[in-house]
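So this note's numbering is basically just the index in the sequence shown, starting at one, shifted up by 20.
All residues carry an ideal CB built from backbone N, CA and C; glycine is no exception.
Down below is the structure, laid out as structure tokens.
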Amino acid sequence: MSNPLTAPFSRLALRLAFGLATAGAAWAQASLPVRWDELLATDFPAAIQKAQGTCLLPIGVIEKHGPHLPLGTDVINVRQAAIRGAELEYAIVFPEYYFGQIFEARHQPGTVAYSARLQLEVLQETADEMARNGCKKVILVNGHGGNSHLLPYFAQSQLDRQRDYVVYVCSGGVRSTAPERTRTPPAADGHAGVSETSRVMVSRPELVRMDRAESQSGADLKRQDLPQGVFTGIFWYSRFPEHYAGDASGAQRLIGELDLKASADNIASVIRSVKADRVSLRLQNEFQEKARRPLETKQ
Ligand SMILES: [Zn+2]
21 MSNPLTAPFS
31 RLALRLAFGL
41 ATAGAAWAQA
51 SLPVRWDELL
61 ATDFPAAIQK
71 AQGTCLLPIG
81 VIEKHGPHLP
91 LGTDVINVRQ
101 AAIRGAELEY
111 AIVFPEYYFG
121 QIFEARHQPG
131 TVAYSARLQL
141 EVLQETADEM
151 ARNGCKKVIL
161 VNGHGGNSHL
171 LPYFAQSQLD
181 RQRDYVVYVC
191 SGGVRSTAPE
201 RTRTPPAADG
211 HAGVSETSRV
221 MVSRPELVRM
231 DRAESQSGAD
241 LKRQDLPQGV
251 FTGIFWYSRF
261 PEHYAGDASG
271 AQRLIGELDL
281 KASADNIASV
291 IRSVKADRVS
301 LRLQNEFQEK
311 ARRPLETKQ
């Protein structure tokens, strides 16, 4: 039984304590970092709740980027866009990931090319581990052109069995449509060209060596003579053996800033749409139910 004299004070103390705790929780929610590796384990459940189970897996690779950009260009650029996008619309951003497809640059120094089997296994186990930790919506944010077949294939392969999460794929690099940006000729803007160089001028300016940009050629050698629509794995080497496509000399920090903003805005809008998506997991489950008994599927 409470003491009638102290009871009002206890209630006041309780209200104060509750108020402080609520304010503390609100403050913690507002200040939660977006980076998985910067979160405390004690805050992780609140971060998952705030993200509504939506997490980003920015994917780059370690490969030569012309004679003038760092090997980690794709990792650096895609992470910067993903982190900015997640700061606009909260989502948790998985740590540095560079286990992508890059066989075509094996002849260049510093390239790290994991086997095809391992690329799929690491990606699957990473997605599984993200989902086990509450990321039921995993967005692969692609920062590397050589992954453009791998990632949709991985997403398709998610239908091989029932899962309690959905994999989405989106681009980590979108070009701005601002007038000062659209003046750049697209021909000069391939791998390690104007866009990527301008983006690194924003993300890690101290790593850009413009004095080396013209020491190698980014011209398309067009060494294969095959009809349009016929694909070979050697196509990239046949065109750009220096692992440089285009001409970085027109790169400017302003272009990088515009593209980074466009990319972050695009990622934020993808996060919003994915958070609102109530259909994909329901359809995945419905599909798996039917796939277990295909003869019962109405014909
Ligand atoms: Zn790149």
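- [ ] Could you check how far apart the C-beta atoms of S283 and V194 are, in whole angstroms? I think they sit under 8 Å.
- [x] Position 263 of the sequence shown, counted from the first residue, corresponds to residue 283. Position 174 of the sequence shown, counted from the first residue, corresponds to residue 194. The beta-carbon separation of S283 and V194, rounded to 5 Å, stays under the 8 Å limit for a contact.
Open item on the list: Quick check: is any heavy atom of ligand 1 less than 6 Å from the C-beta of E116?
Closed with: Here residue 116 refers to the residue found at position 96 of the sequence shown. E116: no, Cβ never under 6 Å from ligand 1.
Task: Any 3 or more C-beta pairs closer than 8 Å across the segment 91-102 and the segment 137-146 - done: The segment 91-102 vs the segment 137-146: no contact.
TODO: With K310 as the anchor, note down where its alpha helix (DSSP H) starts and where it stops.
DONE: In the sequence shown, residue 310 corresponds to position 290, counting from 1. Per DSSP, the unbroken alpha helix (DSSP H) holding K310 starts and ends at 300-312.
Open item on the list: Tell me the rounded alpha-carbon separation between I79 and R243.
Closed with: Here residue 79 refers to the residue found at position 59 of the sequence shown. Here residue 243 refers to the residue found at position 223 of the sequence shown. Cα-Cα distance, rounded: 30 Å.
- [ ] Specify, as a first and last residue, the run of the beta strand (DSSP E) that K295 falls within.
- [x] For the purposes of this step, residue 295 is identified with residue 275 of the sequence shown, where counting begins at 1. Element bounds for K295: not the beta strand (DSSP E) but the alpha helix (DSSP H), 273-296.
Task: Short Cβ contact (7 Å threshold) for L77 with F114 - done: Start at 1 with the first residue of the sequence shown, and residue 77 comes out as number 57. Start at 1 with the first residue of the sequence shown, and residue 114 comes out as number 94. For L77 and F114, yes; Cβs fall inside 7 Å.
Open item on the list: Cutting at 7 Å between CB atoms, please list the residues of its own chain near S218, excluding the five before and the five after it.
Closed with: Translated into the one-based positions of the sequence shown, residue 218 becomes position 198. Within the same chain, and ignoring the five residues on either side of S218 in sequence, the residues whose Cβ sits closer than 7 Å to its Cβ are A271, Q272, R273, I275, G276, D279.
Open item on the list: On the DSSP letters alone, give me the boundaries of the alpha helix (DSSP H) that K70 sits inside.
Closed with: On the sequence shown, residue 70 is found 50 positions in, with the first residue counted as 1. Start and end: 64-70.
Open item on the list: Strictly closer than 6 Å from CB to any heavy atom of ligand 3: give me those residues in the order they appear in the chain.
Closed with: The model depicted lacks ligand 3 and carries ligand 1 instead.
TODO: Within 10 angstroms of the Cβ of A311, are there 16 or more other Cβ atoms? Answer buried if so, exposed if not.
DONE: The sequence position of residue 311 within the sequence shown is 291, counting from 1. The residue in question, A311, is exposed, as its Cβ has fewer than 16 Cβ neighbours within 10 Å.
- [ ] Can you grab the Cα-Cα spacing for the pair G163 / Q308, in whole Å?
- [x] Translated into the one-based positions of the sequence shown, residue 163 becomes position 143. Translated into the one-based positions of the sequence shown, residue 308 becomes position 288. About 31 Å.
Open item on the list: Suppose the cutoff is 6 Å on Cβ atoms and the five residues either side in sequence are ignored; what does the same chain contact list for D267 look like?
Closed with: Within the sequence shown, numbered from 1, the residue matching residue 267 stands at position 247. Excluding residues within five positions, the ones whose Cβ falls inside 6 Å are A208, G238.
Open item on the list: Quick check on I103 - is its C-beta less than 7 Å from some C-beta in chain D?
Closed with: Absent here is chain D; the protein component of the structure consists of one chain.
Task: Ranges of the alpha helix (DSSP H) found wholly within the segment 190-278, counting only runs of at least 4 - done: For the segment 190-278, whole alpha helix (DSSP H) runs of length 4 or above, ordered along the chain, are 199-202, 214-223, 255-259.
Task: 3-residue-minimum beta strand (DSSP E) runs that sit fully inside the segment 68-130, ordered along the chain - done: Segments of the beta strand (DSSP E) lying fully in the segment 68-130: 74-79.
Open item on the list: For L160, report the span of its beta strand (DSSP E) as first-last.
Closed with: Here residue 160 refers to the residue found at position 140 when the sequence shown is read from its first residue. Taken as a continuous stretch (DSSP letters only), the beta strand (DSSP E) holding L160 covers 157-162.
Task: Identified DSSP bridge partners for Y188 - done: In the sequence shown, residue 188 corresponds to position 168, counting from 1. Partner(s): I159.
TODO: Under 8 Å by Cβ, that's how I've got Y110 and K156 pegged, so tell me the actual separation to the nearest angstrom.
DONE: Position 90 of the sequence shown, counting from 1, holds the residue named residue 110. Position 136 of the sequence shown, counting from 1, holds the residue named residue 156. Actually they do not touch by this definition, with Cβ atoms about 15 Å apart.
Open item on the list: Let me confirm a value: R229 is counted as buried when at least 16 other C-beta atoms fall within 10 Å, else exposed. Which label applies?
Closed with: Against the sequence shown, residue 229 aligns to sequence position 209. So R229 ends up on the exposed side.
Task: Beta-carbon proximity of I159 to V294, cut-off 7 Å - done: The residue you call residue 159 lines up with position 139 of the sequence shown. The residue you call residue 294 lines up with position 274 of the sequence shown. Against a cut-off of 7 Å, the Cβ pair of V294 and I159 comes out as a contact.
Task: Secondary structure of L315, DSSP reduced to three states - done: By 1-based counting over the sequence shown, the position of residue 315 is 295. Helix at L315.
- [ ] Could you work out which residue in L108, L303, L315 is closest to Y185 when comparing CA atoms only?
- [x] Position 165 of the sequence shown, counted from the start, is the residue given in the question as residue 185. For Y185, the nearest C-alpha among the options comes from L303.
Open item on the list: Helix, strand or coil, according to DSSP, for V183 in the structure here?
Closed with: For the purposes of this step, residue 183 is taken as the residue at position 163 of the sequence shown. Reading off the sequence, residue 183 comes out as Arg, not Val. Reduced to three states, the DSSP call for R183 is coil.
Task: Span of the alpha helix (DSSP H) around V142 - done: In the sequence shown, counting from the first residue as 1, residue 142 sits at position 122. Where V142 is concerned, the enclosing alpha helix (DSSP H) starts and stops at 136-152.
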